[in-house]
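Residue numbers (my numbering): 4 to 208.
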């Protein structure tokens, strides 16, 4: 049921390679943040957006703004695990499956996220995407208990999200051959320009 699904959207990265706030970049008249929220909304009951301290929320519709929950990185420079720690208390207790995403995924679709949901049977605790045999922990669906050790990992000086996987059952899902770019992020101006060109060309076909 939808009420058991939530999302953590990490929007507070340093964007050092892009040179500006990735969440605020626009494709097809929508900010990257807004595009992802629109993509998530049919699939989850609630979404927590985590920002860096002092970061201004990029433009989104009033309807979406009323739907999301906002959180802050309590400590800067500690990576995605800090975002998880800050987001989990904001999710309702009914939410027991959580999409973990970054805001730099211009090609992502609701259909692809639904595929992750479909694979999350009783056999698995994590469903992660994989491209070129590289698994992305920040484009994945987790059972909530998998994410809960994040605070303990940070306290011991460990910051890699991959460490959350230890001891859990995981399915790896590769992007479809016909749309291999669907899981790709846009971390640089060149990658973002490619995404813009892709959608401009697609709309002109």
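Built from N, CA and C at the ideal position, the CB exists for glycine as well.
So if DSSP puts residue i in a beta bridge, which residue, or which two residues, is it bridged to?
i	result
residue 162	Answer by DSSP bridge pairing: none, since residue 162 is not bridged.
residue 50	10
residue 209	One cannot answer for residue 209 here, as it falls past the ends of the chain, which runs 4 to 208.
residue 176	132
residue 33	30
residue 39	According to DSSP, residue 39 bridges with nothing at all.
Any idea what DSSP makes of residue i, helix, strand or coil?
i	result
residue 139	strand
residue 149	helix
residue 88	helix
residue 104	strand
residue 93	helix
residue 60	coil
residue 144	strand
residue 122	helix
Between residue i and residue j, what straight-line distance do the alpha-carbon atoms span, to the nearest angstrom?
i	j	result
residue 93	residue 201	36 Å
residue 75	residue 36	15 Å
residue 182	residue 198	13 Å
residue 184	residue 178	7 Å
residue 4	residue 203	36 Å
residue 15	residue 206	30 Å
residue 158	residue 13	20 Å
residue 194	residue 188	8 Å
residue 29	residue 109	10 Å
residue 82	residue 55	10 Å
residue 33	residue 65	13 Å
residue 137	residue 116	18 Å
residue 101	residue 77	20 Å
residue 160	residue 169	17 Å
residue 58	residue 122	35 Å
residue 6	residue 148	17 Å
residue 69	residue 43	15 Å
residue 134	residue 67	30 Å
residue 196	residue 139	22 Å
Under 8 Å by Cβ, that's how I've got residue i and residue j pegged, so tell me the actual separation to the nearest angstrom.
i	j	result
residue 39	residue 111	7 Å
residue 130	residue 84	Not really, about 19 Å apart at Cβ, beyond 8 Å.
residue 11	residue 51	5 Å
residue 89	residue 53	6 Å
Is it true that the CB of residue j sits closer than 8 Å to the CB of residue i?
i	j	result
residue 156	residue 141	no
residue 49	residue 9	yes
residue 99	residue 146	yes
residue 91	residue 151	yes
residue 120	residue 96	no
residue 190	residue 125	no
residue 186	residue 132	yes
residue 128	residue 172	yes
residue 71	residue 153	no
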